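FYI, in the UniProt record's numbering the residues of the sequence shown are 22 to 299.
Everything on this sheet refers to the single structure shown next.
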Amino acid sequence: RKKVTIQELQQMRVAGKPIAMLTAYDYPTARACEAHGVDITLVGDSLAQVCLGYDDTTRLTLDEMLHHIRAVARGSRTPLLVADMPFGTYHVSAEDAIRNAVRIVREGGAEAVKIEGGLEVVETVKRLTQIGIPVMAHVGLMPQRHVMLSGFRAQGRDAAGAMDVLRSALALEEAGAFAMVLEAIPHALGTYITKRLQRAFTIGIGAGAETDGQVLVWDDMVGTWHGHQARFVRRFADVKSEVEKGVRGYVEAVRERSFPASSESYGMQKAEWERFEQ
Ligand code: KIV
Ligand code: NA
Numbered sequence: 022r023k024k025v026t027i028q029e030l031q032q033m034r035v036a037g038k039p040i041a042m043l044t045a046y047d048y049p050t051a052r053a054c055e056a057h058g059v060d061i062t063l064v065g066d067s068l069a070q071v072c073l074g075y076d077d078t079t080r081l082t083l084d085e086m087l088h089h090i091r092a093v094a095r096g097s098r099t100p101l102l103v104a105d106m107p108f109g110t111y112h113v114s115a116e117d118a119i120r121n122a123v124r125i126v127r128e129g130g131a132e133a134v135k136i137e138g139g140l141e142v143v144e145t146v147k148r149l150t151q152i153g154i155p156v157m158a159h160v161g162l163m164p165q166r167h168v169m170l171s172g173f174r175a176q177g178r179d180a181a182g183a184m185d186v187l188r189s190a191l192a193l194e195e196a197g198a199f200a201m202v203l204e205a206i207p208h209a210l211g212t213y214i215t216k217r218l219q220r221a222f223t224i225g226i227g228a229g230a231e232t233d234g235q236v237l238v239w240d241d242m243v244g245t246w247h248g249h250q251a252r253f254v255r256r257f258a259d260v261k262s263e264v265e266k267g268v269r270g271y272v273e274a275v276r277e278r279s280f281p282a283s284s285e286s287y288g289m290q291k292a293e294w295e296r297f298e299q
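So, in structure tokens, the structure goes:
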């Protein structure tokens, strides 16, 4: 397959062919996205929770993010490579956002950045787009704001809230965003925004099946964990059970000395051994 471009993704939107986006945080997950037909690989700041053990995404630094973007970039050639801008790296000023986005592209190797926010980030989206850094917007539930929102809850479920999300989406497209993530909003609103946008394609996560594409967090998708599962998560595999089987089997085999077997050990010619023993 040829390198996935923004233009190809826009053609998929027009043709009604759903876009598959998936997160990756390291070289092997990037390779899996590369090998199995993912269109867009996202180094999401969900990295903070699922890989680094932080309670939320606000703790993640740009340097930590860059370390993982580089690993993903080394394993990624075909999918469009997008990376989240961590909390606080695009809020201080447009200049600061540009400086940080440039690092994500130049030092990290990402092709586009993703930014959470509505009208308040429109100017930043415009500036980044103007200097040639493609921006994917992210509206609806914005996990970097979970404290303000009093939890990770669905957004736009009343008329005023829905209007807020729609206004943000329209303004972000106008500002130049090439795509946007719609997170945890009513199905009907996800469909409506997707129809209203002229050019930007929508990637839903908990926004119904009519968005232009879907995204899931890698660890949710493969079932690395069996903890709290958001409504919009489907577990397509059960890695946790496989890991459990592997680790338990290994520890048990070590304890009972059934590992390693002789076929897993090195031999030595008898004569050499006798000479050694003398
Ligand atoms: O950080 C992330 O993984 C994300 C996706 C779930 C959209 O932002
Ligand atoms: Na994110």
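Virtual Cβ for every residue (Gly too), placed ideally from N, Cα, C.
All values reported here derive from a predicted model rather than from experimental measurement.
In this chain, the alpha helix (DSSP H) harbouring G267 covers 260 to 276. With contact defined as three or more Cβ pairs closer than 8 Å, the segment 271 to 282 and the segment 94 to 112 are not in contact. W246 and Q151 have their C-alpha atoms roughly 40 Å apart. Per DSSP, the continuous beta strand (DSSP E) segment holding Q235 begins and ends at 234 to 237. In the displayed model, F257 falls within coil according to three-state DSSP, outside both helix and strand. Inter-residue distance for R127 and N121 is about 10 Å (C-alpha atoms, whole angstroms).
In the same chain as P107, and ignoring 5 residues on each side of it, the C-beta atoms closer than 6 Å to its own belong to D66, L81, L83, M86, in chain order. Taking 7 Å as the cut-off, the C-beta of S67 counts as close to a heavy atom of the ligand NA.
Its chain contains L43, T44, A45, Y46, T50, V71, T245 as the residues whose beta carbon lies nearer than 8 Å to that of W239, once the 5 sequence neighbours on both sides are disregarded; these appear in chain order. A direct Cα-to-Cα measurement between D76 and G138 gives close to 21 Å.
In the DSSP assignment, M106 falls outside any beta strand (DSSP E), carrying neither H nor E. Under the DSSP assignment, T50 falls in the alpha helix (DSSP H) whose first and last residues are 48 to 56.
The beta carbon of P164 sits closer than 7 Å to at least one heavy atom of the ligand NA. Separation of R178 and K216 (C-alpha to C-alpha, rounded to the nearest whole angstrom) is 18 Å.
In the three-state reduction of the DSSP assignment, G138 falls in the coil class, being assigned neither a helical nor a strand state. Cβ-Cβ separation between A221 and A198: approximately 5 Å, consistent with a contact (criterion under 8 Å). A heavy atom of the ligand KIV is found nearer than 7 Å to the CB of I226. In the structure shown, the three-state DSSP call for T79 is helix.
The C-alpha of R256 lies about 49 Å from the C-alpha of M289.
DSSP places V202 within a strand segment (E or B) once states are collapsed to three. Taking the Cα positions, G225 is about 50 Å away from A282.
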